[in-house]
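S.K.:
Residue numbers (my numbering): 11 to 269.
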């Protein structure tokens with residue numbers, strides 16, 4: 011029975027990063043840094059500024075915005091990669107994050123060994139991973155490279171294996187962050203077909219992309235993030251229209267920005 015709680019809930023979430031200034035701009039600064047070791051200059055940067063939203067179970071929500079707006083920060087907070095500086099986050103259900111290409115892979119281990127490690131990290135037992143292994147390998151389409159060290163993989167092979175593992179575990183919530191920008195057209199089509207199957211089975215999907223056509227196709231709701239704040243939330247066409255207005259304006263990105 012589906013929970014009455016939201017799948018994801020943000021309440022007044024602030025994400026603050028400390029940006030350290032290491033590179034001296036002048037010779038005087040270089041000498042100062044040498045003689046004042048232990049005194050590091052930094053400033054705080056707020057990637058998110060009091061963000062609030064609820065996402066219901068079974069919805070497919072697009073998150074769009076210019077580079078540096080805070081889109082990926084939202085997904086990393088949902089995934090538990092970051093802990094919020096302030097505010098509350100609640101997640102109801104298991105998560106499969108496709109956020110950073112090959113995150114969690116051990117480069118010295120083989121693809122097969124990394125399937126085991128990533129499956130365990132995603133909450134499966136060894137028996138469950140073994141039952142899914144051949145399906146994962148077949149979907150990834152990397153052939154004999156499955157028994158080669160990950161460090162020998164191309165970026166496309168990384169992406170295929172990462173996507174195959176994450177979606178094979180059948181999560182309640184799927185987080186997708188531009189990972190489908192890598193790879194050939196045929197494999198991207200397979201990935202989109204699998205995302206459609208997740209959507210059709212009532213899974214919750216958070217989908218970060220600059221591809222507005224994909225956002226239109228998959229999403230029933232869109233959050234538009236700008237400078238760490240949500241400035242539109244609702245109908246995809248309305249949010250995309252506002253986003254297109256933004257991208258035609260000059261952009262100033264603060265030092266140390268986070269996407």
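Idealized CB from N, CA, C, for every residue including glycine. Because the structure is a prediction, the values reported are computed rather than measured.
1. Can you list, in chain order, the stretches of the alpha helix (DSSP H) that have 4 or more residues and sit fully within the stretch 135-207?
2. How long is the line joining the alpha carbons of residue 258 and residue 79, rounded to whole angstroms?
3. Can you give me the start and stop residues for the beta strand (DSSP E) that residue 17 sits inside?
4. Is residue 233 closer than 8 Å to residue 248 when the C-beta atoms are compared?
5. Roughly how many angstroms lie between the CA atoms of residue 134 and residue 142, to the nearest whole one?
6. Is it true that the stretch 174-181 meets the stretch 141-159, where meeting means three or more beta-carbon pairs spaced less than 8 Å apart?
7. Output yes or no for whether 8 Å exceeds the beta carbon distance between residue 238 and residue 96.
8. For residue 121, which of helix, strand or coil comes out of DSSP?
9. Whose C-alpha, out of 89, 202, 161, is nearest the C-alpha of residue 104?
10. Helix, strand or coil for residue 228? Go by DSSP, reduced to three states.
11. Please identify the residue among 59, 14, 230 whose C-alpha is closest to the C-alpha of residue 25.
12. Provide the residue span of the beta strand (DSSP E) that contains residue 215, from first to last.
M.R.: According to the structure shown:
1. Fully contained in the stretch 135-207 are the following alpha helix (DSSP H) runs of length 4 or more, in chain order: 136-150, 165-178.
2. Along the chain shown, one-based indexing puts residue 258 at 248. Along the chain shown, one-based indexing puts residue 79 at 69. Answer to the nearest angstrom: the Cα atoms are 15 Å apart.
3. As a working mapping, residue 17 is identified with position 7 in the chain shown. No beta strand (DSSP E) contains residue 17, which DSSP labels as neither H nor E.
4. Taking the first residue of the chain shown as position 1, residue 248 is located at position 238. Taking the first residue of the chain shown as position 1, residue 233 is located at position 223. One thing to note: residue 248 has its Cβ no nearer than 8 Å to the Cβ of residue 233.
5. Residue numbering aside, residue 134 sits at position 124 when the chain shown is read from its first letter. Residue numbering aside, residue 142 sits at position 132 when the chain shown is read from its first letter. Going by the C-alpha atoms only, they are around 10 Å apart.
6. Because the criterion of three Cβ pairs below 8 Å is met, the stretch 174-181 and the stretch 141-159 touch.
7. On the chain shown, position 228 is the one that residue 238 refers to. On the chain shown, position 86 is the one that residue 96 refers to. No.
8. To locate residue 121, count along the chain shown from 1; it is residue 111. Looking at residue 121 - three-state DSSP - the assignment turns out to be helix.
9. Translated into positions along the chain shown, residue 104 becomes position 94. Closest option to residue 104, Cα to Cα, is 89.
10. In the chain shown, the residue the question calls residue 228 occupies position 218. In this structure, residue 228 counts as helix in the three-state DSSP scheme.
11. Residue numbering aside, residue 25 sits at position 15 when the chain shown is read from its first letter. Among 59, 14, 230, the Cα nearest to that of residue 25 is on 59.
12. Translated into the one-based positions of the chain shown, residue 215 becomes position 205. Looking at the DSSP string, the run of the beta strand (DSSP E) that includes residue 215 is 214-218.
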